[in-house]
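Data block below; observations after.
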Amino acid sequence: MPSPDRSAPLSRDRIVAEARRQLSEEGLEQTSLRRLARRLGVTAPALYAYVTDKQDLLAAVAATGFAELLERFEAIPTDDPAEVLREMARAYVGLALEQPAVFQVMFRFPPSTLHVPDADTLDGATAAFTWSAGAVAAAQQAGVIHPDHDLSMAALVLWTASHGSASVLLLGAPDGQPRDIPEFQGLVEAMVDTTLRGLAQAPSA
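Residue numbers for the sequence shown follow the working numbering, beginning at 1 and rising by one.
Structure below.
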């Protein structure tokens, strides 16, 4: 990852970009405003003109991650409802494997559509989840998902399955980099197939 240009003027965008680099190189536990200021070649108080605290900084980093995720969703090159759900899962897991540190930060901020107590919601998370819920609704209208399934629950099931797959693919990776583990080959495809087969059936009583 390229080194920051210390001659560039300080801005919120520059701070957030460097925070992403810091997260990728040092991990969440080592990320702090003081260390970030040192990387940028400024004093820690200089950052407070652009970010209020570490939580604000992490929220800004998470927002960039959700913006990327939404871009990937919107770029899915098919209108076939089942294939959209497959591509959605691939996009989700792909982002997690490419940006594991950002992925970790993103899910400190749930969408506002979920009533998570004592958590700061994020508009980007809401937008990404709303887009995926729309894809689930289209799949149900097309008969890919059984009409008796609750749409919100079906969307959560697909999200949970994708999130779990991403987490498993990062298993045993203290440096945040995915491992080439033979047993995991085809995991995402198997997850999507199994989940869609289940959602195509009527929910159990």
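Every residue gets a Cβ at the ideal spot worked out from N, C-alpha and C, and that includes glycine.
- The continuous alpha helix (DSSP H) containing Phe66 extends over residues Lys54 to Glu74.
- Under the three-pair Cβ rule at 8 Å, the region 121 to 131 counts as touching the region 48 to 65.
- In the three-state scheme derived from DSSP, where H, G and I count as helix and E and B as strand, Gln140 is classed as helix.
- Membership of Phe184 in any alpha helix (DSSP H) is not indicated, and neither H nor E is assigned to it by DSSP.
- Rounded to whole angstroms, Asp118 and Phe107 show a C-alpha spacing of 14 Å.
- Cβ-Cβ distances below 7 Å link Glu68 to Leu95 in the same chain, with the five nearest sequence neighbours on each side left out; the list follows chain order.
- Here Ser165 is buried, its C-beta having at least 16 other C-beta atoms within 10 Å.
- Judged by DSSP in its simplified three-state form, Arg86 adopts helix.
- When secondary structure is reduced to three states using DSSP, Thr78 falls in the coil class, being assigned neither helix nor strand.
- Here DSSP, grouped into helix, strand and coil, assigns Gly27 to coil.
- The C-beta distance from Val116 to Leu28 rounds to 19 Å, too long to fall under 8 Å, and the pair is not in contact.
- Using a Cβ distance threshold of 7 Å, Pro81 and His149 do not count as a contacting pair.
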